[in-house]
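*Asks:* Okay, handing you the structure first.
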Amino acid sequence: MADWLGPEEWQAVALSLKVSLWAIVLSLPFGILTAYALARWSFPGKQVLNGIVHLPLILPPVVTGYLLLLTFGRRGPVGGLLDDWFGLVFAFRWTGAALAAAIMAFPLVVRAIRLAIEAVDPRLEQAAATLGAPRLWVFATVTLPLILPGVIAGAILGFAKAMGEFGATITFVSNIPGQTQTLPSAIYTFLQVPGGDASALRLVAVSVAVAMAALTVSEVLARRAAKRVSGA
Numbered sequence: 001m002a003d004w005l006g007p008e009e010w011q012a013v014a015l016s017l018k019v020s021l022w023a024i025v026l027s028l029p030f031g032i033l034t035a036y037a038l039a040r041w042s043f044p045g046k047q048v049l050n051g052i053v054h055l056p057l058i059l060p061p062v063v064t065g066y067l068l069l070l071t072f073g074r075r076g077p078v079g080g081l082l083d084d085w086f087g088l089v090f091a092f093r094w095t096g097a098a099l100a101a102a103i104m105a106f107p108l109v110v111r112a113i114r115l116a117i118e119a120v121d122p123r124l125e126q127a128a129a130t131l132g133a134p135r136l137w138v139f140a141t142v143t144l145p146l147i148l149p150g151v152i153a154g155a156i157l158g159f160a161k162a163m164g165e166f167g168a169t170i171t172f173v174s175n176i177p178g179q180t181q182t183l184p185s186a187i188y189t190f191l192q193v194p195g196g197d198a199s200a201l202r203l204v205a206v207s208v209a210v211a212m213a214a215l216t217v218s219e220v221l222a223r224r225a226a227k228r229v230s231g232a
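Just so you know, we're using full-length UniProt numbering here: the sequence shown kicks off at 1 and counts up by one.
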């Protein structure tokens with residue numbers, strides 16, 4: 001691939017991979033917790049939480065990016081504190097691209113994991129709890145092994161979504177070559193430059209290949225999860 005892609009193209013692909021991997025690292029723990037809460041718990045505001053989780057799928061990505069800029073920018077309420085206390089800056093940095101990608105991928109991660117949890121018979125968890133096992137131990141030894149294919153499928157779908165994220169990312173961190181120019185941003189840039197069609201087409205091919213591979217693996221894991229739970 002390094003020979004097929006030019007230096008700028010390869011740089012955009014490498015940055016996209018880095019951003020997407022960190023996006024999943026950020027979103028997966030919270031995704032598991034949120035999915036379990038929505039699937040198993042009853043509490044006031046559950047529907048509100050469900051709506052907030054799915055907002056990135058409904059809102060225009062530019063709106064999400066602007067809200068991130070207002071919140072996590074250096075003058076934002078959260079971004080200012082992170083910068084002062086930890087020296088952590090998100091706006092116009094690759095870290096901000098990872099944050100934007102994580103938020104945009106979060107609904108897909110939660111949905112895949114939630115479906116896997118809902119497919120698990122609650123009586124299996126209740127049986128372990130009646131033996132005196134703590135709730136966290138029940139989750140780690142009973143629930144998690146059963147939903148693991150769903151967790152992996154959610155992570156893969158989230159990774160693919162993060163790889164293709166454009167609107168929120170370019171609004172929050174701009175399109176700086178070598179720093180925040182991810183694969184979709186690079187495609188957009190090449191399309192604005194005369195003679196850049198060939199480079200854009202190569203990056204489109206990479207995007208399609210990654211998306212198709214992610215969907216295929218996710219589908220296989222979803223089927224395995226269904227068979228595993230039905231046979232449990």
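A virtual CB, placed ideally from N, CA and C, is assigned to each residue, including glycine.
1) State the Cα-Cα distance for the pair W94 and A127, rounded to the nearest angstrom.
2) Report yes if the CB atom of L69 is closer than 9 Å to the CB atom of A97, and no otherwise.
3) Three-state secondary structure (DSSP) at A2?
4) Does the beta-carbon of K161 have 16 or more other beta-carbons within 10 angstroms, so that it is buried, or is it exposed?
5) Could you work out which residue in G158, F166, I187 is closest to A213 when comparing CA atoms only?
6) Pick out whichever of S185, V193, L49, T171 has its Cα sitting closest to the Cα of V62.
7) Applying the 10 Å Cβ sphere with the 16-neighbour rule, what's the burial state of L203?
8) Do the region 51-66 and the region 163-170 meet, that is, are 3 or more Cβ pairs less than 8 Å apart?
9) Just the Cα atoms here: how many angstroms apart are I147 and A35?
10) Starting from T71, follow the alpha helix (DSSP H) in both directions and report where the run begins and ends.
11) According to DSSP, is V173 part of a helix, a strand, or is it coil?
12) Does E9 come out as helix, strand or coil in the three-state DSSP assignment?
13) What's the C-alpha gap between L26 and G79?
14) So what's S218 in DSSP terms, helix, strand or just coil?
15) Per DSSP, what kind of secondary structure is T189 in: helix, strand or coil?
16) Closest by CA to V89, which one among T180, A198, A200?
17) Is A140 buried or exposed, if buried means 16 or more other CB atoms sit within 10 Å of its CB?
*Replies:* If we stick to the structure as given:
1) The straight-line gap separating the alpha-carbon atoms of W94 and A127 is approximately 46 Å.
2) L69 places its beta carbon 9 Å or farther from that of A97.
3) Residue confidence for A2 is low, a pLDDT of 47 falling below 50, so the modelled location carries little weight and cannot support an answer.
4) The residue in question, K161, is buried, as its Cβ has 16 or more Cβ neighbours within 10 Å.
5) For the set G158, F166, I187, the Cα lying nearest the Cα of A213 is the one of G158.
6) Among S185, V193, L49, T171, the Cα nearest to that of V62 is on T171.
7) Label assigned to L203: buried.
8) Touching, yes, given that three or more Cβ pairs across the two stretches are closer than 8 Å.
9) C-alpha separation (whole angstroms): 11 Å.
10) Counting along the chain, the alpha helix (DSSP H) containing T71 begins and ends at 61-72.
11) Looking at V173 - three-state DSSP - the assignment turns out to be helix.
12) Three-state result, E9: helix.
13) If I take the Cα positions, the gap works out to 17 Å.
14) Three-state DSSP puts S218 in a helix.
15) Looking at T189 - three-state DSSP - the assignment turns out to be helix.
16) Closest in C-alpha terms to V89, from the list T180, A198, A200, comes T180.
17) Classification for A140: exposed.
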